[in-house]
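Peer 1: One structure follows; several queries about it will come next.
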């Protein structure tokens, strides 16, 4: 992997991990909302998840890394779970997307190290 791609992939992977971890926390928090609060919280959460998915799609287009595609697919499943109110299933499912983003970032880290940039 060339250094430019490695830097981009690392950046996208780390950003995705942070956003996905935040999403997981927000999904878990939604379970504690009152019924009156839950509808609005769910709408905001879905907007955030769609934004994260758009970032992952950009990362995939920019780097071509298959792990970003896997994260997109997993996040799409999570979005469907949240839309259906399956919050307890959605939280652990986010871990699959985090794992995929971690894989992309780790491979980029190794490439950067091999180029002597870290």
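Numbering (the working numbering), first residue to last: 1435 to 1552.
A virtual CB, placed ideally from N, CA and C, is assigned to each residue, including glycine.
1) Is it true that the CB of residue 1516 sits closer than 8 Å to the CB of residue 1551?
2) Grouping DSSP H, G and I as helix and E and B as strand, with all else coil, what is residue 1494?
3) How big is the Cα-Cα spacing for residue 1491 and residue 1471?
4) Under 8 Å, with one C-beta from each stretch per pair, do the segment 1435-1448 and the segment 1531-1542 reach the 3-pair mark?
5) I believe residue 1450 touches residue 1489 by the beta-carbon criterion, under 8 Å. Please report the beta-carbon distance rounded to the nearest angstrom.
6) Residues in its own chain within less than 6 Å of residue 1503 by CB, not counting five upstream and five downstream?
7) Considering just the uninterrupted stretch of the alpha helix (DSSP H) at residue 1515, what are its terminal residues?
8) Suppose the cutoff is 7 Å on Cβ atoms and the five residues either side in sequence are ignored; what does the same chain contact list for residue 1509 look like?
9) Let me know if residue 1466 comes out buried or exposed under the rule of 16 or more other beta-carbons within 10 Å of its beta-carbon.
10) For residue 1437, which residues of its own chain have a beta-carbon under 8 Å away from its beta-carbon, when the five flanking residues on both sides are left out?
Peer 2: Per the coordinate set shown:
1) The residue labelled residue 1551 in the question sits at position 117 within the chain shown. The residue labelled residue 1516 in the question sits at position 82 within the chain shown. Not in contact: residue 1551 and residue 1516 (Cβ atoms no closer than 8 Å).
2) Here residue 1494 refers to the residue found at position 60 of the chain shown. The answer is helix: DSSP assigns residue 1494 an H, G or I state.
3) To locate residue 1491, count along the chain shown from 1; it is residue 57. To locate residue 1471, count along the chain shown from 1; it is residue 37. The straight-line gap from Cα to Cα measures roughly 30 Å.
4) yes
5) For the purposes of this step, residue 1450 is identified with residue 16 of the chain shown, where counting begins at 1. For the purposes of this step, residue 1489 is identified with residue 55 of the chain shown, where counting begins at 1. At roughly 7 Å, the Cβ-Cβ gap stays under 8 Å, so residue 1450 and residue 1489 are in contact.
6) Taking the first residue of the chain shown as 1, we reach residue 1503 at position 69. Cβ within range, chain order: 1494.
7) Walking along the chain shown from the start, residue 1515 turns up at place 81. 1500-1517 is the span of the alpha helix (DSSP H), which, as asked, contains residue 1515.
8) Here residue 1509 is taken as the residue at index 75 of the chain shown, counted from 1. Result list for residue 1509: 1483, 1486, 1487, 1490 and 1531, in chain order.
9) Counting from one through the chain shown, the residue named residue 1466 turns up at place 32. It counts as exposed.
10) Residue 1437 sits at position 3 when you count from the first residue of the chain shown. Excluding residues within five positions, the ones whose Cβ falls inside 8 Å are 1545, 1546, 1549 and 1551.
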